[in-house]
Amino acid sequence: MAKMAKKAAYVVRLGRIPGIYFTYSECKKQVDGFSGQDYQGYFTREAAQTAWDNWQASNSARQGQLSERTTSLINVLDPGGEDETIDSQNDEDLSNDKRKRHATLDDAEDVQYASKKVKTTADVFEPLHTVRQNEPPVTLTAEQQAVVDMALDKQDIFLTGAAGSGKTVTLKEIIRKLEDSGKRVQVTAPTGIAALPLGGLTTYSFAGWQPDSLQKPIQKLLNISKTAKKRIRKTDVLVIEEISMLPPVKPFEFCLNCGEDYPKNRSNIVCQNIKCKDVGQETFHEEDKYAFKAPVWAQLKLRHVMLEQIHRQKDASFQSTLNKIRDGNILSNAEWLALTSRKVLPNGVVAVKLMSRVLQVQAHNSKELALIQSKEVTWQAYDAATKLYFLPEDDFEPRRSEIVNRRRQFIYSPSNGEHRFPTELVLKIGAKVVLLTNLSLKSGLVNGSQGEVVAFMDSSSWQESKLTESESLHLMGFTERNHTLRPVVRFCNGRTQTIHPQTQGGQKRDNRDSYFVARTQIPLTLAWALSIHKSQGMTLEYVEVCSDRHFESGQLYVGLSRATKLEGLTVTGASREQITMPSEVVEFYESEHWEHLRPSRSSAANSPAQVESVVEEASLQQSP
1 MAKMAKKAAY
11 VVRLGRIPGI
21 YFTYSECKKQ
31 VDGFSGQDYQ
41 GYFTREAAQT
51 AWDNWQASNS
61 ARQGQLSERT
71 TSLINVLDPG
81 GEDETIDSQN
91 DEDLSNDKRK
101 RHATLDDAED
111 VQYASKKVKT
121 TADVFEPLHT
131 VRQNEPPVTL
141 TAEQQAVVDM
151 ALDKQDIFLT
161 GAAGSGKTVT
171 LKEIIRKLED
181 SGKRVQVTAP
191 TGIAALPLGG
201 LTTYSFAGWQ
211 PDSLQKPIQK
221 LLNISKTAKK
231 RIRKTDVLVI
241 EEISMLPPVK
251 PFEFCLNCGE
261 DYPKNRSNIV
271 CQNIKCKDVG
281 QETFHEEDKY
291 AFKAPVWAQL
301 KLRHVMLEQI
311 HRQKDASFQS
321 TLNKIRDGNI
331 LSNAEWLALT
341 SRKVLPNGVV
351 AVKLMSRVLQ
361 VQAHNSKELA
371 LIQSKEVTWQ
381 AYDAATKLYF
391 LPEDDFEPRR
401 SEIVNRRRQF
411 IYSPSNGEHR
421 FPTELVLKIG
431 AKVVLLTNLS
441 LKSGLVNGSQ
451 GEVVAFMDSS
461 SWQESKLTES
471 ESLHLMGFTE
481 RNHTLRPVVR
491 FCNGRTQTIH
501 PQTQGGQKRD
511 NRDSYFVART
521 QIPLTLAWAL
531 SIHKSQGMTL
541 EYVEVCSDRH
551 FESGQLYVGL
561 SRATKLEGLT
571 VTGASREQIT
581 MPSEVVEFYE
591 SEHWEHLRPS
601 RSSAANSPAQ
611 VESVVEEASL
621 QQSP
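full-length UniProt numbering applies: residue 1 is where the sequence shown begins, and numbers increase by one.
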């Protein structure tokens, strides 16, 4: 094959200093590590100049169109409310119009993408880096900062900790710091639900696998597509979230056997958040159940780090009880009675029931909603699947557009079912709801905040000024599909807030094409009951854990550790036998050498002898 001609110039549209550069090294300085980078290479300087002129003209026109259209936007602030920006992740609706991609550094010297003017405002695309760009600043504890410093020092890490210890907060800060330092960070997770909050890919997409790939021998898995190899080769830091939800042997062997595609000096951060599953989901064979049982675990030479300081529960005795359950220790009669006794709740507050089966949850919520004698208001989710990278041959294949549309529907269908935001949201005044995102940490409105719908507000006369272009376009699509009414929720902390739609999305790939799939919806769900699975990552003030024979090992701990205080927690239908933890897990945590990042406290809640949980994830995680 003839060698591709070298590019003569590069147009940097989004970078440190936009403009035309005549060498790739100069271009790289402007875009490498820059969030939302956008550049394109050309074979002649004349073509680059023309593209730059067209870009400036189209950008000016696009800004004018957007300003005119955003006067009717409905994602607005409350009257008299605080000036807060709702965190959003960006996407667009893919029209049938073809457009050329916004390139990334992965394209450096490989393929020429011809310049073409953006046709419509719906064609504006903001890269995936913006998923984490608008995260609010956080203040880390000393032990959390120590983990971040360890990652920046290129250490391979296995990170774990008790429920509510801030694992996800720490992981997000690691990702942000690494990206700010110019590292190419790739987040992977077994499911879209886990990958979306971190702006990552599923493990299958990252590795170029198919759903049945894990049944194949490792040598077959190593024979992956050129695109996947290139993606791996360009990755500086690999973050594997919830590694235990995949059969452990294959991912680790894959990492260790990729040869030149997986450099030995790469930092491999593994966040161990073993999650429980809803009853009815497939589970792995016992021999494949835990990541640490993989033969290659020791070869990774990970530094085992645990976060010990618990932030969700402040009461030391409650922490001690949770630690006992987590470690599989028997509770005293007094401790068990404290969990199972009925609590007196504030007037008008209803504890959310945590159940193991989704059908139970749906039936209970439907029954409670039907009892309310008021008008229903419904919102349909606005879903989009955008093809990210258009190849030159797309223009020359007559049926390519049809193929792309079919693939887009195929790849989006599973993602649609995975998303945490409901496809259809039906509310009434008086409905009990829970927030599905971190809306405002300052106001205490976080993932899991409980409340009641008290009104519906017409938001058509209000305008939100702090929106990116793609956020505006998504909200326009949502409004066109629905109406301008927005639920007003009075939360348990006393704050009343109008809830506006948000967009959450992530990247999906098949063998050839790459897509950004997203959903825009009001980030609420009915909350007379929730599944244990959906409650993970939430912080709930008032909880009733409805245990039954269907609870898997560890599910009871997950449910109990949602609560912020013992006074808001009641356990029904459970026996003390259900608190036992698997012996393999207890043995692993007792036998491993753990790096304690802060002086241990004398309280039982923080004793180093207490092993850390493998069934839970961080407090305040924004999950899809």
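Ideal placement from N, C-alpha and C gives every residue a C-beta, glycine not left out. Note that the coordinates shown come from a computational prediction; the quantities given were computed from them, not determined experimentally.
*How about GLN144 and THR168: are their beta carbons less than 7 angstroms apart?*
no
_Quick check: is any heavy atom of the ligand MN less than 6 angstroms from the C-beta of SER205?_
The ligand MN is not part of the structure shown, which contains no ligands of any sort.
*Tell me whether CYS546 sits in a helix, a strand or coil according to DSSP, three-state version.*
strand
*Measure the CB-CB distance between LYS353 and ALA563 and report whether it falls below 7 angstroms.*
no
*Taking Cβ to Cβ, would you say LEU337 is nearer than 7 angstroms to TYR542?*
no
*For ALA9, is the classification buried or exposed, using 16 other Cβ atoms within 10 angstroms of its Cβ as the cut-off for buried?*
buried
*Hey, out of MET538, LEU369, LEU302, whose CA is closest to HIS593's CA?*
LEU302
*asked:* Quick check on the burial criterion: 16 or more other C-beta atoms within 10 angstroms. Buried or exposed for LEU371?
replied: exposed
*Please check the pair ALA475 and ASP458, which I expect to be a contact at CB under 8 angstroms, by giving their CB distance rounded to whole angstroms.*
Sequence check: residue 475 is Leu here, not Ala. About 15 angstroms; that fails the 8 angstroms criterion.
*Determine the DSSP secondary structure at PHE491, reduced to helix, strand or coil.*
strand
*For the putative contact between ASP180 and GLY33, defined by C-beta atoms under 8 angstroms, what is the C-beta separation to the nearest angstrom?*
7 angstroms
*Does the beta-carbon of VAL454 have 16 or more other beta-carbons within 10 angstroms, so that it is buried, or is it exposed?*
exposed
*Using the beta-carbon count (16 or more within 10 Å), is ILE232 buried or exposed?*
buried
*Terminal residues of the continuous beta strand (DSSP E) containing VAL138?*
Taken as a continuous stretch (DSSP letters only), VAL138 belongs to no beta strand (DSSP E), as it is neither H nor E.
*What do you get for ASP53, buried or exposed, if any count of 16 or more other CB atoms within 10 angstroms of its CB means buried?*
exposed
*What is the C-beta distance between LEU178 and ALA142, in whole angstroms, given that I count them as a contact (C-beta under 8 angstroms)?*
No, LEU178 and ALA142 are not in contact; Cβ-Cβ is about 20 angstroms, not under 8 angstroms.
*Apart from the five residues on each side of it in sequence, which residues of its chain come closer than 6 angstroms, Cβ to Cβ, to GLN281?*
At GLN281, the pLDDT of 29 sits below 50, so the modelled position is not reliable; the number obtained from the coordinates is stated separately. None.
*asked:* Going by DSSP in three states, LYS301 sits in which element: helix, strand or coil?
replied: coil
*With C-beta atoms as the reference, is MET538 less than 7 angstroms away from GLY448?*
yes
*Along the chain, where does the alpha helix (DSSP H) that runs through TRP528 open and close?*
Counting along the chain, TRP528 falls outside any alpha helix (DSSP H), and DSSP gives it neither H nor E.
*Can you give the Cα-Cα distance for SER531 and SER356, rounded to whole angstroms?*
6 angstroms
_Nearest to THR203 (by Cα), restricted to the options GLU241, LYS183, GLY166_ = GLU241
*Measure the alpha-carbon distance for VAL585 versus SER320 and round it to whole angstroms.*
19 angstroms
*When the Cα atoms are used, what is the spatial distance from LYS234 to VAL11?*
22 angstroms
*Can you tell which of PRO295, GLU173, LEU198, ASP156 has its C-alpha closest to the C-alpha of ASP236?*
ASP156
*Hey, would you say ARG16 sits closer than 7 angstroms to GLN30, going by beta carbons?*
yes
*Do you know how far the Cα of GLU308 is from the Cα of SER165?*
6 angstroms
*From GLY161, LYS230, HIS533, pick the residue whose C-alpha is nearest to that of ARG184; which is it?*
LYS230
*Cβ-based neighbour list, LYS6, same chain, cut-off 6 angstroms, excluding 5 preceding and 5 following*: none
_Within 7 angstroms, strictly: CB atoms of GLY200 and ALA189_ = yes
*asked:* Just to confirm my understanding: we take LEU339, look at its own chain, exclude 5 residues before and 5 after, and list those with CB closer than 6 angstroms. What are they?
replied: VAL571
_Whole-Å CB distance - LEU427 paired with VAL433, under 8 angstroms assumed_ = 7 angstroms
*asked:* Rounded to the nearest angstrom, what separates THR70 and ILE429 at their Cα positions?
replied: Any reading at THR70 needs caution, since the residue's pLDDT is 28, under 50, leaving its predicted position unreliable; the model's value is listed next. Approximately 29 angstroms between the Cα atoms of the pair.
*LEU435 lies in the beta strand (DSSP E); which residues open and close that run?*
432 to 435
_Cα-Cα separation between SER332 and ALA527, rounded to whole angstroms_ = 32 angstroms
*What do you get for GLY568, buried or exposed, if any count of 16 or more other CB atoms within 10 angstroms of its CB means buried?*
buried
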